[in-house]
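Take a look at the structure below.
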């Protein structure tokens, strides 16, 4: 019997087409109420950045498929006492943890860890700095697959701080592989990525230009300090130039859908009436997030050595 | 079939007599060892004030009736990143949370939230500022029902910082509805509520006056800064004037019972020998607290749409 | 029927030989895959010092034997609001907690608590100041029993900050009772214990002297401030004098094993290649830790009154 390497979910590029298809199909089935078989495995959520939303989504997903789950939030204290991350991971693996969900502020840290740990521990990148956030990309794709246009018809614009966004990076890479018809990005010049970074993605230089003709718009959260550095020191001006409002949305295709990874800043990157409006998929994204993470954890567990 | 509105537990006033009766009956049965049927629902404990005691009581209650539980404590970090409370609640509901246990420092915040959220999420007010704390009132009533006098015979005095106490407010409202014979309050003048606020409750102006003839005394926790502002800058003087000691307790009815919602300040509002004495119901209140919260969670789940 | 006193695990001295034997035998069986019967009991982990490692080990152990578990970390907030430790313990017991795992910075605090609480609550000392850490000693003994020499052949040296180490104190006491052939300690003079404190243990005054002829070496974590006070203000000098490196290890018995309770400081008390080398038992200790704690929790539950 050939020993297969332990599965990880680090980024979109290293995910096989067949795995993407399998994960999206299983997510859709779970959303329809498919039965789950309890999995006798342990998942640890190791968060070096606070994120109640993502941590809770993973905890609930693990509970729903019967996995044991523990959560460790290390931003608040120096609990690891200077231990290296790979020692922490090896320690958790030795304790019987099968799957490590890692959120880390450093870009590439999860990939580096994958090269440092032994076999038998599945890694799930739950966001690394300005790197990738593949479970978010999968949940966004699952939401579009369920509620949005078919991939060839998709005309999606991602708007905001693209440069620092792991959500944009993973999402655009995945949507492109799924055959998205047209992908655009837009945002303040300082917050756009280097031109070569996102092949197949058009760059727009204003909000109206990016909204024009879109049938899905994905707004990104903007951090106050980055808004400031990018030349928009006050929230009102940023909202006027880059906030999605009903008046701007009128330029999009009728029934254009609106997405946002959350948490949303009402009145900053998105107007409250748009966030709460009938075109908003925001809460559907959250809902699909739990099903997506159930599917991912099942898939990672399926790649682990027999227990 | 008529769709009934989702049940909440926000305060005592909006709780029907039949619900009070049902909750107290079920609590008593659970305390006697009644069987529980596991409930395939999820509860989230969302605490914006630290309270290990109340959070643990709810976690244990949820575990004992087989509900999935997650806890989020937000006083320690800015994990929600400026998200509004109703967005946090809607996000949790979208993740599959059925019941939200909320502790919030702002009076009325839980009631306001009930008007902001959609159907399908049951709210449980676990304490809002100086507002209400209905699960504490129910556990106190269950404790009195089990260990104290019959309601018409009850002669209960609540003593301490009544003005800021959600425990006193909810408790007195509930005991009155249950037909309590006599209800009195006492405390430093600055810490008494406005006279119209507690109908049917007598106001006493000294500790001995309030203790006189009582068969249950409920002492409240006093915060140092409020003691100070009320004119008792040192603990010894406060204890001499408002602390329950054996000598004062002699004025009460023989075998008068002593209650306190905890955590207690020994030597401040209550003498150590009284807290630990044979008349103290303090640990029985804690014990009934878990049974009461099991009953409440069962009742809230019973009002949710079929899952 | 005679009511037996509730079992506690406070230190090595008060643990009967028969209990040590039973615990080590059960740990070995669990490591071999012995079946477990779910235990309908509740354990609370109450940590007044941050320790992700120990808390997670106990949480996983409890989950694996089907016990309900809650964790309370109190270093980060004043959640107990000045409540005494014995009131916190009594409150948890009243809530239905059967077993309290306590980590406390004060030496002797867990023993004192054992004298303050009522029957029916089993206490497990998970580390008290510079006192004891019996579950660590048991897991270390279980690791030696499984991977090391027989007890009479054991030639073990503990090296580093012995004075403040509860790991050393509990471990040496246990190894001695198990019939260890030779036990030595070594460390900077300021970090050695008083001579009478460890009967049957030889004191060495240099690293090479302590390593010479050993077949198991246990390195201890050194805190920067203690290193400094002991006269080694820089890490490089400490490592040169007291850090275990391959060159020093050459003086030990061939195939000498290396232990460390973790978390390790690479390049301080232990060189990275030694920690990661074939003689290192460090991750095996971590693995045995979960089995040891499962065995301890089962044993404590067995001493509780019928539920």
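Protein chains in written order, with the numbering used here: chain A, 30 to 336; chain B, 30 to 336; chain C, 30 to 336. We treat Cβ as the ideally placed atom computed from N, Cα and C, and that holds for glycine. Owing to the predicted nature of the structure, the values given are computational and were not obtained by experimental measurement.
Check                                                                                                                          : Outcome
Chain D contact residues for residue 229/A, given Cβ-Cβ distances below 9 Å                                                    : Given the protein chain composition of this structure (A, B and C), no chain D is represented.
Neighbourhood of residue 194/A by C-beta distance below 6 Å, restricted to the same chain and skipping five residues each side : 249
is_contact[residue 116/C, chain B] using C-beta, thresh 9 Å                                                                    : yes
Residue 266/B burial status per 10 Å Cβ neighbour count (16 or more: buried)                                                   : exposed
Same chain, Cβ closer than 7 Å to residue 168/C, neighbours up to 5 away in sequence not counted                               : 314, 317, 318, 321
Interface residues of chain C facing residue 144/A [CB-CB closer than 8 Å]                                                     : Correct list: empty, because the minimum Cβ distance to chain C is about 15 Å.
Distance CB(residue 76/A)-CB(residue 129/A) smaller than 9 Å                                                                   : no
Nearest candidate by alpha-carbon position, reference residue 217/C, set 238/C, 282/C, 211/C, 149/C                            : 238/C
9 Å Cβ cutoff, residue 329/A in contact with chain C                                                                           : no
Residue 101/B: contacting residues in chain A (beta-carbon distance under 8 Å)                                                 : 81, 85
CB contact flag (residue 246/C, residue 185/C, <9 Å)                                                                           : yes
Test: residue 313/C CB closer than 9 Å to a CB of chain A                                                                      : yes
N-terminal and C-terminal residue of the beta strand (DSSP E) that residue 214/C is part of                                    : 211-215
Inter-residue Cα distance where the pair is residue 163/B and residue 296/A                                                    : 35 Å
From 298/C, 290/C, 254/C, residue whose alpha carbon lies closest to that of residue 273/C                                     : 298/C
Touch test, the segment 281-290 of chain A against the segment 120-129 of chain A, Cβ-Cβ under 8 Å, three pairs minimum        : no
Against chain B: residues of the segment 276-298 of chain A by CB proximity under 8 Å                                          : 291, 292, 293, 294, 295
Exposed unless 16 or more other CB atoms sit within 10 angstroms - verdict on residue 86/A                                     : buried
Beta-carbon separation (whole angstroms), residue 98/A vs residue 72/A, contact threshold 8 Å                                  : 5 Å
Beta carbon of residue 153/A nearer than 9 Å to that of residue 146/A                                                          : no
Bridge partners - residue 186/A, DSSP secondary structure assignment                                                           : 213/A, 246/A
Environment of residue 67/B [buried if 16+ CB atoms lie within 10 Å]                                                           : exposed
Pairwise C-alpha distance: residue 209/B and residue 183/B                                                                     : 5 Å
Where residue 276/C falls, given that 16 or more other Cβ within 10 Å makes a residue buried                                   : exposed
Helix, strand or coil at residue 94/A [DSSP, three-state]                                                                      : coil
C-beta neighbour in chain B for residue 107/A, strict 9 Å                                                                      : Confidence at residue 107/A is low in this model, with a pLDDT of 47, below 50, so its placement is unreliable and the value that follows should be read with caution. Not an interface residue.
Closer than 9 Å to chain A by CB, residue 149/B                                                                                : no
Residue 200/A to residue 166/A span [Cα, whole Å]                                                                              : 4 Å
Contained beta strand (DSSP E) runs [length at least 3] in the segment 45-127 of chain C, N- to C-terminal order               : 71-76, 97-102
Contacts of residue 120/B in chain A (Cβ-Cβ under 8 Å)                                                                         : 82, 291, 292, 312, 315
Exposed unless 16 or more other CB atoms sit within 10 angstroms - verdict on residue 116/A                                    : buried
Residue 97/B: contacting residues in chain A (beta-carbon distance under 8 Å)                                                  : 89, 92, 93
Residue 90/A burial status per 10 Å Cβ neighbour count (16 or more: buried)                                                    : buried
Cβ shell of residue 224/B (< 8 Å), same chain only, five flanking positions each side left out                                 : 232
Range covered by the alpha helix (DSSP H) that runs through residue 139/A                                                      : 138-145
Length-filtered (3 minimum) beta strand (DSSP E) runs lying within the segment 144-185 of chain B                              : 151-157
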